[in-house]
Amino acid sequence: MTTLSTSDLDMDLIKRTIAVGATNDELALFAAQCRRTGLDPFARQINFVLRKSKAPNGDWVQKATIMISIDGARLMAARTGLYNGSDTMWCGDDGVWTDVWLTASPPAAAKVSVSRGNGQFSGIALWREYGAPAFGPVWKNMPAHMLAKCAEMLALRKAFPAELSGLYSSDEMAQADTQVVEAVQVPVPMIALNKKDKPTRICDKLTYYKHPAHLLATIRKDQGDPAWDWPEDDDTDAWEYVWNTAKAHASQKQEPVPLVELEELTDELPFQPTALQTSVDKQVQLMMENAKKSTDLKNKSGGGRRQLSR
145 MTTLSTSDLD MDLIKRTIAV GATNDELALF AAQCRRTGLD PFARQINFVL
195 RKSKAPNGDW VQKATIMISI DGARLMAART GLYNGSDTMW CGDDGVWTDV
245 WLTASPPAAA KVSVSRGNGQ FSGIALWREY GAPAFGPVWK NMPAHMLAKC
295 AEMLALRKAF PAELSGLYSS DEMAQADTQV VEAVQVPVPM IALNKKDKPT
345 RICDKLTYYK HPAHLLATIR KDQGDPAWDW PEDDDTDAWE YVWNTAKAHA
395 SQKQEPVPLV ELEELTDELP FQPTALQTSV DKQVQLMMEN AKKSTDLKNK
445 SGGGRRQLSR
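Each residue of the sequence shown is one higher than the one before, starting from 145 at the first, in this note's numbering.
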């Protein structure tokens with residue numbers, strides 16, 4: 145199997161575009177899987193996926209998963225020199241198999257037979273197990289196609305266990321008790337955070353935050369630490385975490401965390417959230433009032449000069 149060397153992988157580019165939000169260990173694991181499988185992440189043959197799953201305490205936690213596409217699985221099978229193609233069939237509730245699905249409703253099952261040398265290996269995917277609980281418009285618009293991809297992945301793993309064991313596609317996992325946060329995602333461009341107004345500049349870039357206090361509340365809830373505060377100005381790693389976390393929430397189109405929710409986290413808050421929000425709102429209101437007063441003063445003095453000139 146052809147493998148990638150370390151020099152073939154632009155790790156900085158991968159972290160900025162494909163493995164956004166990855167920790168150093170997760171990035172190293174993804175690079176190792178790329179080299180082991182010989183798949184190209186930029187051709188979307190292998191993907192870094194962030195999934196949300198429920199922890200034992202009921203909270204949703206984000207976890208990195210490495211998945212391959214059906215094209216990547218076919219490529220790995222073809223590289224063995226033993227892959228001789230596949231056949232796909234579908235059936236309805238009557239159990240009658242057909243090589244083309246023309247009914248508007250989804251098929252009850254899809255079966256794919258993969259040929260390896262002189263042998264055949266079949267995988268069957270049932271709609272009630274894969275399609276019915278799956279999320280997304282693609283499953284709704286192309287149910288037969290998506291179900292066949294799941295069946296093909298099952299068959300390919302049977303036929304080529306040494307190459308594909310433990311490797312799954314996002315199509316197969318769409319029905320799992322998790323939510324895909326992002327697969328291959330091009331992020332908001334990284335900004336140079338080299339001034340002390342970093343929170344304000346982040347809010348300017350991610351405008352769904354009303355002001356830095358909302359961003360701070362989001363980071364504190366993400367950390368589970370209501371006492372967390374902005375890092376030192378030269379702590380680039382900490383600010384990168386702040387930026388990536390804020391960007392992740394923005395990409396999911398989540399609402400900013402209301403400040404009043406922080407009261408529910410702990411009774412040991414170093415401040416009163418509602419008081420902080422009121423303070424911020426008052427500052428904004430004061431700025432608007434001062435601007436209006438300044439405008440009125442300019443208009444009055446301008447009018448006076450015109451009156452004297454007459």
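Ideal Cβ positions, reconstructed from N, Cα and C, are used throughout, including at glycine.
All values reported here derive from a predicted model rather than from experimental measurement.
Cα-Cα, which of S438, P185, Y312, I363 is closest to I214? Of all alpha-carbon atoms in S438, P185, Y312, I363, the one lying nearest the alpha-carbon of I214 is that of Y312.
Please state the DSSP three-state secondary structure of L350. Coil at L350, not helix or strand.
Just reading off the beta strand (DSSP E) that F265 is part of, what are its end residues? The continuous beta strand (DSSP E) containing F265 extends over residues 263 to 270.
Helix, strand or coil for F174, going by three-state DSSP, please let me know. In this structure, DSSP gives F174 a helical state, which the three-state scheme calls helix.
In angstroms, rounded to a whole number, what distance separates the CA positions of Q264 and Y227? Here the C-alpha atom of Q264 lies approximately 10 Å from the C-alpha atom of Y227.
Below 8 Å on the Cβ atoms is my contact criterion, and I expect L359 with P343 to pass it. Report the Cβ-Cβ distance as a whole number of Å. Right, their Cβ atoms sit about 6 Å apart.
Just the C-alpha distance for E296 and W283, rounded to the nearest angstrom, thanks. If you draw a straight line from the Cα of E296 to the Cα of W283, it is about 16 Å long.
Counting only the same chain and skipping the five closest in sequence on each side, list residues whose C-beta sits under 8 Å from that of T247. Cβ neighbours of T247 within its own chain (closer than 8 Å, five residues either side excluded): G236.
Please classify M286: is it buried, with 16 or more other beta-carbons within 10 angstroms of its beta-carbon, or exposed? Under this definition M286 is an exposed residue.
Measuring CA to CA, which of N443, Q367, G229 is closest to S257? When C-alpha distances from S257 are compared across N443, Q367, G229, the shortest belongs to G229.
Just confirm the distance between the C-beta atoms of G267 and L298, as a whole number of angstroms; I'd bet it's less than 8 Å. That pair is a contact at about 3 Å.
Unbroken beta strand (DSSP E) run spanning M155, endpoints: Per DSSP, M155 belongs to no beta strand (DSSP E); it is in the alpha helix (DSSP H), 155 to 161.
Once you ignore the five residues that flank L441 on each side, which residues in its own chain have a CB closer than 6 Å to its CB? Same-chain partners within the cutoff: there are none.
In the DSSP assignment, the alpha helix (DSSP H) including W283 goes from what residue to what residue? The continuous alpha helix (DSSP H) containing W283 extends over residues 281 to 285.
From the DSSP output, in three-state form, read off T380 for me. The answer is helix: DSSP assigns T380 an H, G or I state.
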